[in-house]
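Trainee: Quick note: the sequence shown uses the UniProt record's numbering, first residue 1, plus one each step.
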Amino acid sequence: MQVSAHYPPDFVSGGTLIPQRFARAARDRGHDAYVFAGNLKDLQPLETSDSFDDGIQVRWVGVDGFLAWHSEKNYDNPAVAKLFEDYISEVKPDLVHFHSIQTLGTQCLSIARKAGCAVVVTMHDFWWICPKQFLLGPDDEPISPAVDCAYVDWGVTSEWLEHRSQSMRSALADADLILAPSQIAADVFLANGVPRQKLRVNENGIDGASEAESVQRTIGSGVRFMYTGGNNLSKGYGILREAANQARVPVGTTLDLYRSSDAGFPDWATSRPAYGRDELAATFAQHDVLILPSIGRESHSIVTREALASGMAVIATASFGPEEAIEDGVNGLIIPPDDPSALADAIEKVSNREIAQKLISGSGGSRLVTVAEQVEQVFEYYTEVLAQRERVADPVVPAIQQLIRKVVFVIGIQGAPARYRAHLPAEALAKWGIESEVLNYRDPSLPAQVLAADAVVFYRVPATDQILDLIGKIRACDSNIPILGDIDDLIFDPSIEPLLENLDRLTPDERDLWRRGIYRYRTTLEHCDYFIGSTQTITAEGSRLLEVPAQRFPNGIGEILAKLSDRAAKQERAKGPLRIGYFSGTDTHDADWQSIEEAVCEVLKRFEDVELWLGGFVEPSARMRPFQNRLVRVPFQEWTQLPKVLRDVDINLAPLTKGGRSDIFNEAKSAIKWLEAALVLTPTVATPTQPFREAIEHGKTGFLADTTEEWVEAMVKLLEDEQLRKKVAFRARREALLDLSPALQGELYRNILTAAWRHVSQHGHKEASNFSFVADNEPFSELDSWVEPYEFDFTFPPRSRIKRLVRNAIHSWRVEGPKGFMRRVGSKLRLTSMP
Numbered sequence: 001m002q003v004s005a006h007y008p009p010d011f012v013s014g015g016t017l018i019p020q021r022f023a024r025a026a027r028d029r030g031h032d033a034y035v036f037a038g039n040l041k042d043l044q045p046l047e048t049s050d051s052f053d054d055g056i057q058v059r060w061v062g063v064d065g066f067l068a069w070h071s072e073k074n075y076d077n078p079a080v081a082k083l084f085e086d087y088i089s090e091v092k093p094d095l096v097h098f099h100s101i102q103t104l105g106t107q108c109l110s111i112a113r114k115a116g117c118a119v120v121v122t123m124h125d126f127w128w129i130c131p132k133q134f135l136l137g138p139d140d141e142p143i144s145p146a147v148d149c150a151y152v153d154w155g156v157t158s159e160w161l162e163h164r165s166q167s168m169r170s171a172l173a174d175a176d177l178i179l180a181p182s183q184i185a186a187d188v189f190l191a192n193g194v195p196r197q198k199l200r201v202n203e204n205g206i207d208g209a210s211e212a213e214s215v216q217r218t219i220g221s222g223v224r225f226m227y228t229g230g231n232n233l234s235k236g237y238g239i240l241r242e243a244a245n246q247a248r249v250p251v252g253t254t255l256d257l258y259r260s261s262d263a264g265f266p267d268w269a270t271s272r273p274a275y276g277r278d279e280l281a282a283t284f285a286q287h288d289v290l291i292l293p294s295i296g297r298e299s300h301s302i303v304t305r306e307a308l309a310s311g312m313a314v315i316a317t318a319s320f321g322p323e324e325a326i327e328d329g330v331n332g333l334i335i336p337p338d339d340p341s342a343l344a345d346a347i348e349k350v351s352n353r354e355i356a357q358k359l360i361s362g363s364g365g366s367r368l369v370t371v372a373e374q375v376e377q378v379f380e381y382y383t384e385v386l387a388q389r390e391r392v393a394d395p396v397v398p399a400i401q402q403l404i405r406k407v408v409f410v411i412g413i414q415g416a417p418a419r420y421r422a423h424l425p426a427e428a429l430a431k432w433g434i435e436s437e438v439l440n441y442r443d444p445s446l447p448a449q450v451l452a453a454d455a456v457v458f459y460r461v462p463a464t465d466q467i468l469d470l471i472g473k474i475r476a477c478d479s480n481i482p483i484l485g486d487i488d489d490l491i492f493d494p495s496i497e498p499l500l501e502n503l504d505r506l507t508p509d510e511r512d513l514w515r516r517g518i519y520r521y522r523t524t525l526e527h528c529d530y531f532i533g534s535t536q537t538i539t540a541e542g543s544r545l546l547e548v549p550a551q552r553f554p555n556g557i558g559e560i561l562a563k564l565s566d567r568a569a570k571q572e573r574a575k576g577p578l579r580i581g582y583f584s585g586t587d588t589h590d591a592d593w594q595s596i597e598e599a600v601c602e603v604l605k606r607f608e609d610v611e612l613w614l615g616g617f618v619e620p621s622a623r624m625r626p627f628q629n630r631l632v633r634v635p636f637q638e639w640t641q642l643p644k645v646l647r648d649v650d651i652n653l654a655p656l657t658k659g660g661r662s663d664i665f666n667e668a669k670s671a672i673k674w675l676e677a678a679l680v681l682t683p684t685v686a687t688p689t690q691p692f693r694e695a696i697e698h699g700k701t702g703f704l705a706d707t708t709e710e711w712v713e714a715m716v717k718l719l720e721d722e723q724l725r726k727k728v729a730f731r732a733r734r735e736a737l738l739d740l741s742p743a744l745q746g747e748l749y750r751n752i753l754t755a756a757w758r759h760v761s762q763h764g765h766k767e768a769s770n771f772s773f774v775a776d777n778e779p780f781s782e783l784d785s786w787v788e789p790y791e792f793d794f795t796f797p798p799r800s801r802i803k804r805l806v807r808n809a810i811h812s813w814r815v816e817g818p819k820g821f822m823r824r825v826g827s828k829l830r831l832t833s834m835p
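Here it is as structure tokens:
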């Protein structure tokens with residue numbers, strides 16, 4: 001059975017064609033095929049009727065009035081779910097494939113599962129992870145692809161949002177298989193916590209995809225553009241209108257606007273009526289370039305692939321789905337979304353006949369999938385799911401994950417290190433149902449908390465008599481409590497002392513104290529069963545020195561910094577000249593700054609209106625004196641203020657010394673400077689240490705520079721090209737959010753805890769080592785156990801009730817039409833008048 005809120009002929013779109021395609025394929029393969037579908041046009045709400053689509057029974061249910069995103073019935077609709085349950089009981093399917101089910105209710109998945117059906121879900125858009133299905137905010141503005149990281153005032157209560165999220169999570173728990181229409185959509189789903197073990201890709205097939213490479217066309221007297229998104233602002237109609245007016249194109253260039261008004265467009269744009277599916281080939285044959293300026297995110301974009309299959313080039317925003325089929329500069333152009341100037345530049349560029357001819361002759365991007373290939377794959381998935389239900393899955397890992405319900409993070413340091421290594425993992429684990437406590441190593445409640453936990457993580461904890469005694473009690477208790485040691489620096493290896501140049505400035509007494517600290521950190525780690533490092537270098541060294549299993553947990557994104565950064569990124573940079581920025585968090589980075597100072601001076605010579613912002617404690621040399629009037633000193637910033645400062649610079653610098661004694665130490669430093677700048681859409685130039693090489697794709701998500709010449713070249717490129725700065729920053733931000741989101745961080749940490757729990761259960765706690773232990777006597781003390789709070793008040797300015805009602809009313813009128821809108825108003829009035 002196929003289940004979809006929208007189905008032809010009631011509603012026709014790329015997404016509605018897929019359930020129809022699968023239903024007909026099931027019938028053609030000899031299966032009994034059924035459809036349960038929403039009806040927007042012909043039926044009253046909850047009214048049902050039956051019809052036959054090419055011999056397939058379709059049970060229609062009226063869903064008019066349930067489409068508004070802020071309506072609870074958009075996702076929680078018991079009345080429709082009861083009608084679905086009746087239909088399930090009537091036709092008794094073996095497998096139910098859910099498609100777009102907004103208005104039908106997430107309860108339907110549980111109903112199908114309880115009826116003994118295999119349950120498959122295709123996420124045709126982002127409705128499952130975002131209140132508005134195209135990753136848009138309430139005012140149709142694009143939001144963060146990691147929704148929990150978005151700074152958005154939804155205009156609804158936090159309880160409403162949590163109820164919606166919980167409904168989605170509960171429903172997906174009943175799915176056997178979840179399908180995404182593209183790999184990039186799957187990446188977005190993973191970044192938002194969709195279960196990895198259930199997720200597969202089933203790309204939408206394209207008619208004519210097999211002949212795509214053989215299509216040849218030649219540009220005529222002028223480049224012919226087309227747009228198919230209608231007057232819908234989320235499809236970029238308004239952006240296109242602004243860009244078309246900015247673009248300077250040759251005589252003979254044309255732009256056809258299908259299903260769209262040409263009011264306000266230049267005279268080379270013309271409104272055209274909609275075309276049918278049977279007119280698709282002829283319409284595409286009359287054009288050279290498709291423009292897809294979507295603000296909303298596309299999970300696949302059939303029209304992009306159809307255009308490419310017909311031999312056209314495509315200009316598309318970086319809206320996910322189109323990007324898999326387009327190779328930027330080969331068969332089309334990818335531009336940042338919601339940016340009229342970037343689109344105008346792209347139109348101007350492609351209106352050049354030679355450039356357009358090169359693009360339509362290109363064959364980049366992913367291979368187009370045929371309809372037959374898509375159908376064959378989905379039926380293979382059906383077979384797999386039905387077979388899995390007959391087999392008993394390996395119960396060990398899920399069982400361990402159920403046992404790990406509480407984790408205690410013990411910290412020996414405050415500030416940013418504790419935030420990234422304890423507070424952020426704790427926040428991320430909560431998304432997977434795991435409770436955490438972050439406690440100071442001198443907290444009197446520590447023994448009771450640790451012995452009641454399911455796992456304990458010691459982060460940068462110097463050994464004390466009390467901590468070693470507590471570890472002994474953990475080992476002796478009846479519970480299986482894995483002891484993990486986490487560190488984000490090489491300060492647990494005494495052999496690095498001769499390699500650290502910044503130690504030269506310490507007095508002998510200070511150096512002795514530093515050395516004792518190294519031995520105390522190492523002593524604690526020697527008593528741990530499992531090691532967690534922040535970078536490859538640290539993780540490898542931990543495994544080598546401690547002789548325990550080790551895994552890497554990279555520094556990632558926390559919700560607070562992400563939202564603060566999202567808020568900053570929505571703002572224009574402060575007015576003024578272009579700015580280069582270097583920000584140091586401690587007073588140990590003078591050598592790093594000196595490694596690039598010559599390059600920065602050269603750039604300041606070439607660009608007499610560029611400023612240099614120096615933050616923190618770094619001290620420039622006399623070489624900078626000629627530029628004193630353009631040197632802005634930024635005092636050390638609280639971490640909650642840093643996003644605004646990073647947003648106001650145009651280029652972020654992240655140098656580290658190379659070729660000296662400190663090489664291995666710097667190779668161990670994470671790429672946080674790139675990450676924090678990326679979140680506010682500021683591009684970074686960095687030294688190519690291993691963490692930065694891993695984070696940055698050179699020229700795409702940042703720049704890597706080793707020599708003075710390379711630093712100069714990278715800065716000059718970025719200063720001279722505003723669109724390059726925007727592209728690099730946009731890609732970097734997306735890469736960060738899709739690789740290091742809180743949900744992904746939580747999944748990874750849960751996997752590490754699971755592996756550690758399993759290791760200890762099989763091998764016991766770590767045996768004593770030969771290391772010379774060093775510990776001090778530091779009694780537990782309430783006065784000395786303070787933990788810096790990890791919190792921020794994101795209270796939005798109060799919206800007036802009238803403003804909120806007007807905004808929601810406009811949305812309801814647009815999506816539900818006059819009848820649905822009046823029905824909603826009547827329902828509200830009845831509820832209000834009830835005694």
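A virtual CB, placed ideally from N, CA and C, is assigned to each residue, including glycine. Small disclaimer: the values here were computed from a predicted structure and weren't measured.
What ranges does the alpha helix (DSSP H) occupy inside the stretch 125 to 205, keeping only unbroken runs of at least 4 residues that lie completely in it?
Mentor: For the stretch 125 to 205, whole alpha helix (DSSP H) runs of length 4 or above, ordered along the chain, are 158 to 173, 183 to 191.
Trainee: Output the distance between the C-alpha atoms of Ile101 and Val3, rounded to the nearest integer angstrom.
Mentor: Near 7 Å, if we compare the C-alpha coordinates of Val3 and Ile101.
Trainee: Quick check: the Cα distance between Ile474 and Val438, rounded to an integer number of angstroms?
Mentor: The straight-line gap from Cα to Cα measures roughly 18 Å.
Trainee: What's the gap between the Cα of Asn204 and the Cα of Glu376?
Mentor: Cα to Cα, Asn204 sits roughly 12 Å from Glu376.
Trainee: Using 10 angstroms around the beta-carbon of Ser781, count the other beta-carbons present and answer buried if the total reaches 16, otherwise exposed.
Mentor: Flag for Ser781 reads exposed.
Trainee: With DSSP run on the structure shown, which of helix, strand or coil describes His97?
Mentor: Strand at His97.
Trainee: Ends of the alpha helix (DSSP H) at Asn245?
Mentor: Residues 237 to 246.
Trainee: Smallest Cα separation from Val194: which of Arg520, Ala705, Ser170?
Mentor: Closest by alpha carbon: Ser170.
Trainee: If I follow the unbroken beta strand (DSSP E) through Ile481, where does it start and stop?
Mentor: Segment: none, Ile481 is in no beta strand (DSSP E) and carries neither H nor E.
Trainee: Out of Val716, Ala448, Met123, Trp127, which has the shortest C-alpha to C-alpha gap to Pro181?
Mentor: For the residues Val716, Ala448, Met123, Trp127, the minimum Cα distance to Pro181 belongs to Met123.
Trainee: Quick check: the stretch 666 to 675 against the stretch 545 to 556, are at least 3 beta-carbon pairs closer than 8 Å?
Mentor: At 8 Å Cβ cutoff, the stretches touch.
Trainee: Using DSSP's beta-bridge definition, name the partner residues of Tyr227.
Mentor: Paired residues: Leu257.
Trainee: Quick one: complete beta strand (DSSP E) runs, 3+ long, within the stretch 367 to 454?
Mentor: With a minimum length of 3 residues, the continuous beta strand (DSSP E) runs that stay inside the stretch 367 to 454 are 406 to 411, 435 to 440.
Trainee: Using the C-alpha atoms, what's the distance from Leu503 back to Val649?
Mentor: The straight-line gap from Cα to Cα measures roughly 32 Å.
Trainee: Three Cβ pairs or more, each shorter than 8 Å: is that satisfied between the stretch 142 to 160 and the stretch 216 to 233?
Mentor: Cβ pair count under 8 Å is below three, so no.
Trainee: Taking the CB atoms as reference points, tell me whether Lys358 and Ala743 lie closer together than 9 Å.
Mentor: Their beta carbons are not under 9 Å apart, which means Lys358 does not touch Ala743 by this criterion.
Trainee: How many Å lie between Pro8 and Leu656 at the Cα?
Mentor: For Pro8 and Leu656, the distance between alpha carbons rounds to 59 Å.
Trainee: Would you grab the beta carbon distance between Ile178 and Leu199 for me? Rounded to a whole angstrom, and I think it's under 8 Å.
Mentor: Their Cβ separation, rounded to whole angstroms, is 5 Å, which keeps Ile178 and Leu199 in contact under 8 Å.
Trainee: Please classify residue 840: does DSSP put it in a helix, a strand, or coil?
Mentor: Residue numbering for the chain in the displayed model covers 1 to 835; residue 840 lies beyond these limits and cannot be assessed.
Trainee: If you count every other CB in all the chains shown that lies within 10 Å of the CB of Gly296, and 16 or more means buried, which is it?
Mentor: Gly296 is buried by the Cβ-count criterion.
Trainee: Could you pull the start and end residues of the alpha helix (DSSP H) that Asp42 belongs to?
Mentor: No alpha helix (DSSP H) contains Asp42, which DSSP labels as neither H nor E.
Trainee: Does DSSP put Ser271 in a helix, in a strand, or in coil?
Mentor: Reduced to three states, the DSSP call for Ser271 is strand.
Trainee: Where Leu740 and Glu90 are concerned, what is the direct C-alpha to C-alpha distance, given to the nearest angstrom?
Mentor: Approximately 46 Å, taken between the alpha carbons.
Trainee: Hey, Thr254 and Thr270 are a contact pair by Cβ (cut 8 Å); roughly how many whole angstroms apart?
Mentor: Thr254 to Thr270, Cβ: 7 Å. Contact.
Trainee: The alpha helix (DSSP H) with Glu541 in it runs from where to where?
Mentor: Start and end: 536 to 546.
Trainee: With distances taken Cα to Cα, identify the nearest neighbour of Leu240 among Gly329, Ala346, Ser221.
Mentor: Looking at the Cα atoms, Ala346 is the closest of the given residues.
Trainee: Beta-carbon within less than 8 Å of Glu676's beta-carbon, same chain only, minus the 5 sequence neighbours each way: which residues are those?
Mentor: The answer, listed in chain order, is Leu561, Ser565, Leu642, Pro643, Leu646.
Trainee: According to DSSP, Gln2 sits in a beta bridge with which residue or residues?
Mentor: Paired residues: Val35, His97.
Trainee: Grouping DSSP H, G and I as helix and E and B as strand, with all else coil, what is Ile696?
Mentor: Looking at Ile696 - three-state DSSP - the assignment turns out to be coil, as it is neither helix nor strand.
Trainee: Alpha carbon to alpha carbon, how far is Ile411 from Ile481? Give it in angstroms, no decimals.
Mentor: Roughly 18 Å between the two C-alpha positions.
Trainee: So what does DSSP say about Asn502, is it helix, strand or coil?
Mentor: It is helical.
Trainee: Report yes if the C-beta distance between Leu704 and Glu710 is below 9 Å; otherwise report no.
Mentor: Yes, they are a contact pair.
Trainee: Compare the beta carbon distance of Ile518 and Ile487 with 9 Å and say whether it is the shorter of the two.
Mentor: It is not a contact, given that the beta carbons lie outside the stated cut-off.
Trainee: Considering only the beta carbon of each residue, do Ala428 and Gly558 sit closer than 9 Å?
Mentor: Cβ atoms of Ala428 and Gly558: closer than 9 Å.
Trainee: Tell me which residues share the same chain as Ile400 and place their Cβ nearer than 7 Å to its Cβ, disregarding the 5 neighbours each side in the sequence.
Mentor: Closer than 7 Å at Cβ, skipping near neighbours: Thr754, Trp757, Arg758.
Trainee: Name, in chain order, the residues that DSSP records as bridge partners for Val58.
Mentor: Val58 is bridged to Val35, Ser51.
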